[in-house]
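Asks: Counting from 1 along the sequence shown, just add 10 to a position and that's the residue number in the working numbering.
Beta carbons are placed, not taken as given, at the ideal position from N, Cα and C, and that holds for glycine.
These numbers come from a predicted model, not from an experiment.
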Amino acid sequence: METSWRDRLQGLSATATIKHENFAGLDLVSLEPGNYGFDRCDFCAADLRLATLDRRHFFFCDFSRTDLTGASMRGATFAGCNFTDANLTNCDLTGSTLTYVNTGGSNGVTVMTGARLKGARLNGVVAERVVGWHQQ
């Protein structure tokens, strides 16, 4: 029997950095991983509703079309991540840092194009190096 990603994440050491892993399309509802960092991981179209990702670090991860409804990402850091068409409805991003944010196109920065933030908590969020333009 193959071990699920949920079980594998729960079994890693508390300070592990997970690199180049593919979580695309997986059901990770209510996931509460240890204090891991994620580097160049693919969460595209994954179901991360109600996940607890507080104080995690995400570098160049793809969250495009990911459902993060109601997820807690308090104090998390996102650098160069892609949130194109992600659902962040009622997500708690209090105290999080979005670094290298691009509100338009993708060029190696955190992309928020089409992300849904209805009801998201953004208290104390830091958005650094924001690039964007108004399209008519």
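From the DSSP output, in three-state form, read off Asp52 for me.
Replies: Strand, per DSSP.
Asks: Check the Cβ-Cβ distances between Val135 and every residue of chain D, and say whether any is below 8 Å.
Replies: Here chain D cannot be found, since the structure has a single protein chain.
Asks: Ordered along the chain, which non-local residues of its own chain (more than five positions away) have a Cβ less than 8 Å from that of Glu42?
Replies: Contacts found: Ala61, Thr62.
Asks: Give me, in chain order, the residues of the same chain whose beta-carbon lies closer than 7 Å to that of Gly85; leave out the 5 immediate sequence neighbours on both sides.
Replies: Cβ neighbours of Gly85 beyond the five flanking positions: Asp64, Arg65, Gly105, Ser106.
Asks: Please report the residue range of the beta strand (DSSP E) in which Thr87 lies.
Replies: Start and end: 87 to 89.
Asks: Taking 8 Å as the threshold (C-beta atoms), are Cys51 and Cys71 in contact?
Replies: The answer is yes: Cβ separation under 8 Å.
Asks: Tell me which same chain residues have a C-beta within less than 7 Å of the C-beta of Met83, skipping the five on either side of it?
Replies: So the list reads Leu63, Asp64, Cys101, Asp102, Leu103, Ser106, once near-sequence residues are dropped.
Asks: Hey, Leu78 and Leu108: beta-carbon distance below 8 Å or not?
Replies: Cβ atoms of Leu78 and Leu108: not closer than 8 Å.
Asks: Between the alpha carbons of Phe48 and Phe88, how many angstroms are there, rounded?
Replies: Those two C-alpha atoms are separated by around 10 Å.
Asks: Quick check on DSSP: helix, strand or coil for Ala81?
Replies: Coil, per DSSP.
Asks: List the endpoints of the continuous beta strand (DSSP E) containing Gly109.
Replies: Checking the sequence shown, residue 109 turns out to be Thr, not Gly. Segment 107 to 109, the beta strand (DSSP E) holding Thr109.
Asks: Please list the terminal residues of the continuous beta strand (DSSP E) segment that includes His216.
Replies: Outside the displayed span of the chain (11 to 146) sits residue 216, for which this structure offers no information.
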